[in-house]
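Following: one structure in structure tokens, then a few remarks.
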Amino acid sequence: MREYENKYINSEKTAWDLRSILWDIGRAWWMILLVGVSAALLTYSAISFFHEDRYTVSTTFTVSQSGGDSNAVSNLSAAYEMAQKFSVILENNILKKTVMEELGMDSFPATMNASIVQESNLMQFSVTADSPQNAYLILESVLRNYPTLSDYIIPNVVLQTLEQPQISGYPSNQLPVTKYMTYAFLAAAAAVIALIAFFSHLRDTVKNEQEFNQKVDSYLLGTIYHEKKKKKSSMLITNPVRSFRYVEAYRMAASRIRGRMERKQAQILLVTSVAENEGKSTTAANLALALAQEQKKVLLIDCDFRRPALHKIFDVQDKELKDFSLVLQGKEKAGGTFEKVQNMQLYTACTSTKEIK
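Using UniProt numbering, the letters of the sequence shown correspond one by one to residues 1 to 357.
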């Protein structure tokens, strides 16, 4: 079996790896939350800036024919006629000018509407303005001044106030701001999640064992799955707290490594990586333990002289250690440098944390 296989098929389409996508989405939760909250606040700001609250004040009249011979039919007919012609009166510039002069306004900041309650002689008159005070004042002014025109347009019709107008403290065109903010938050969050998932799929990284053979020109010896760690809990495979899957993954990898080393008659294995804090020391320690459990004699040496970690992994007191760098330089004897681990054929050469000069 060749150690390296040139595949070079990165350009092929790869399947969506759901686990990797969910992992990337989980790590970017703060970004999703931030964008969602920002979208909700922008929605609130846009509504506050572009939406103008309008307030409506209304009153209700009974419409009847003047004179003693009026009946329900004539009153109903008069109500329909009154509603049609009253709308014409409301749009009359003379009435609007009279109201403006009475209230001391430069413009007419309101809309007026008259409508009939179906199958009745009741007419509802409403005024909508930019404030409840203006709506109320305009409605009162219209009620005082409309007879000057209605007597000419719709004579012999009497309007009697059935319900007095009242000032409303709530806008008549109020928008469900909370609802729109919720929609904006969910839409923005969904968009960010979709983008994260898309770029996670496009990112040229190894997401599973199948992609390793496609993207890496090397031989896969094993896969170590993520294991949750408590602050003071050891990550060694000899710790009974560790999961069966975690322990067996290291044993499988150690078995494959041993087989390849035996075929090549190799006795030295170097564990390294491109950056620090990637788990080199933990991996090396667990591989050494797995090989020692196969009754192999193993010497584990920590060659990171600047930031050694093996003494922490195996819980060896730093003051009990010799400076292995001085042993390599011939300044100290090797006696007492190697420590036996857990009654196995495993010896460690931990480096002291003292600064190298």
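Don't be surprised by glycine CBs; every beta carbon is placed ideally from N, CA and C. All figures in this text were calculated on a predicted structure; none of them were measured in a lab.
Here the alpha carbons of Q124 and V117 stand approximately 7 Å from one another.
Distance from the Cα of L162 is smallest, within the candidate group N113, S58, E52 and H51, for S58. A40 sits close to A184, with the two beta carbons spaced by under 7 Å. Here A114 carries a strand assignment [DSSP, helix/strand/coil].
Cβ contact annotation for N343 (same chain, cutoff 7 Å, sequence separation greater than five): none. At a Cβ-Cβ threshold of 7 Å, A197 and I21 count as neighbours. Excluding residues up to 5 positions away in sequence, D130 lie with their Cβ nearer than 8 Å to the Cβ of E52 in the same chain. If you look at Q210, you'll find it in the alpha helix (DSSP H) that goes E209 to K215. Pairing N145 with S126 gives a Cβ-Cβ distance that is not under 7 Å. When the beta-carbon positions are compared, I313 and A285 come within less than 7 Å of each other. The residue among G279, L346 and T337 with its C-alpha nearest the C-alpha of A309 is G279. Distances from the CA of A188 to each of I237, V35, V274 and T62 were compared; the closest alpha carbon is that of V35.
Around the Cβ of F61, a 10 Å sphere holds 16 or more other Cβ atoms; the residue is buried.
With a cutoff of 7 Å on beta-carbon distance, L149 and L95 are scored as near each other.
When Cβ pairs closer than 8 Å are counted between the two stretches, the stretch 253-263 is seen to touch the stretch 216-230, the count reaching three or more. In its chain, beyond the 5 residues on either side, I237, A290 and Q293 have a beta carbon closer than 8 Å to the beta carbon of R251. Sixteen is the threshold: since fewer than 16 other Cβ atoms of the shown chains lie within 10 Å of the Cβ of A275, the residue is exposed. Boundaries of the alpha helix (DSSP H) harbouring Y180: V177 to L202, taken from the DSSP string.
Beyond the five residues adjoining it in sequence on each side, I25 comes within less than 7 Å, by CB distance, of I193, I196 and A197 in the same chain, given in chain order.
Only exposed fits P147, as fewer than 16 other CB atoms lie within 10 angstroms of its CB. One thing to note: T348 has its Cβ within 7 Å of the Cβ of L300.
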